[in-house]
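Scroll down for the structure; my scribbles are underneath it.
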Amino acid sequence: MKRWFLIFLSALVLAASTAVRAETDAEVQARKDALDIAGAFSNDGFKIRDGHWCGVIKPHEHALVAVNLYAGNQYWFSAAAAAEPSKIGVSVYDETGKQVTTESYNDGEKAAAGFSPVNSGQYFVSVDLVEGDGGSFCLVYSYK
């Protein structure tokens, strides 16, 4: 009896964790749009990094993601918001919090920032809601 209880409890925990991790339709759409942007950079030899970051962004708030980058590589950070009309921006900061100079792409609910770090280390990517009421977003990045 105890064995069946443990099996049932394990299945319940697994089902609950799967439900918590499930992405919303808006996050799936935002990821698709972010991958579309990143796909354009793959034509220039960039490889899309496995993994992505999804969440909800609100007006006057920033979503920050810490990433480890290597000197000599080139990176593009691509983000998309699922809500229209909205305008997002992508910025990159070094480990001291200083914004680094990047190439930019902005097209309303889609944005990207690209650069080549001089020093290896931890950097922070910020996704900002410039205009709009907020909603789901997704961030992916590419490197070469």
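Using the numbering used here, you'd call the opening residue of the sequence shown number 2 and step up by one each time. Ideal Cβ placement from N, Cα and C applies to all residues, glycine included. Keep in mind that this is a model prediction, so the values were computed, not measured.
The DSSP-derived three-state label of aspartate 108 is strand. Under the rule that a run must span 3 or more residues, the beta strand (DSSP E) segments found entirely inside the segment 62-125 read 63-70, 76-82, 88-94, 104-108 and 111-116.
Going by beta carbons, alanine 83 and alanine 27 fall inside the 8 Å limit. Judged by DSSP secondary structure, glycine 40 falls within the alpha helix (DSSP H) whose first and last residues are 26-43. Under DSSP, lysine 48 takes part in a beta bridge, and its partners are Tyr144. Between lysine 88 and the set Val29, Tyr142, Gly133 and Ser137, the nearest pair of CA atoms involves Gly133. Sorting Ser121, Gly135, Tyr106 and Asn44 by C-alpha distance to the C-alpha of glycine 115 places Tyr106 at the top. Classified as exposed, lysine 99 has fewer than 16 neighbouring CB atoms from the shown chains inside 10 Å of its CB.
Sequence-distant partners of asparagine 69 (beyond 5 residues in either direction) whose C-beta falls short of 6 Å from its own C-beta, in its chain, are Gln123. Glycine 56 carries a strand assignment under DSSP once its states are collapsed to helix, strand and coil. The alpha-carbon separation between valine 57 and glutamine 30 amounts to approximately 13 Å.
Taken through DSSP and simplified to helix, strand or coil, aspartate 134 comes out as coil.
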